[in-house]
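Residue numbers (the working numbering): 112 to 248.
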């Protein structure tokens with residue numbers, strides 16, 4: 112079987128949505144992260160998204176979460192929103208930054224590094240590859 116390489120992106124256009132808006136505790140949040148994967152190697156049958164909340168001033172992690180395994184389509188693609196529940200940690204004040212990363216079960220749910228991953232998990236040369244997004248809340 113030929114080795115194909117993938118394109119991967121966590122897309123920020125869907126944005127992040129706090130659970131508090133849905134009537135949940137303000138200390139817990141739910142992010143919706145748009146994930147677009149194409150031409151993934153057949154070995155990749157699942158992926159996940161992990162997120163963390165931080166306070167810039169203290170550089171403290173204020174909450175973490177993981178989407179859990181998400182199934183790939185048989186075509187080796189996925190294009191849609193993934194829900195990531197965030198459990199609050201212990202911080203004084205509110206978090207002001209987020210960071211979400213694409214992970215693969217075959218890599219031990221570690222963040223997908225473009226140059227250190229096995230060939231089947233690397234992007235094609237010149238393909239867009241955004242395994243991590245981060246920004247202000």
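Using N, Cα and C, we set each Cβ at its ideal position, and we do this for glycine too.
All values reported here derive from a predicted model rather than from experimental measurement.
When Cβ pairs closer than 8 Å are counted between the two stretches, the stretch 227-243 is seen not to touch the stretch 181-190, the count staying below three. Residue environment analysis places residue 233 among the buried positions, since at least 16 neighbouring C-beta atoms fall within 10 angstroms of its C-beta. For residue 174, DSSP records a beta bridge to 164, 199. In terms of Cβ geometry, residue 169 and residue 212 do not form a close pair [threshold 7 Å].
For the pair residue 146 and residue 195, the CB atoms are not nearer than the 7 Å cut-off. Residue pairing from DSSP places residue 213 in a beta bridge opposite 160. Annotation for residue 146: the continuous beta strand (DSSP E) segment containing it runs 140-149. Residue 246: member of the beta strand (DSSP E) spanning 243-247, first to last residue.
Assignment of beta-bridge partners to residue 169 by DSSP yields no partner.
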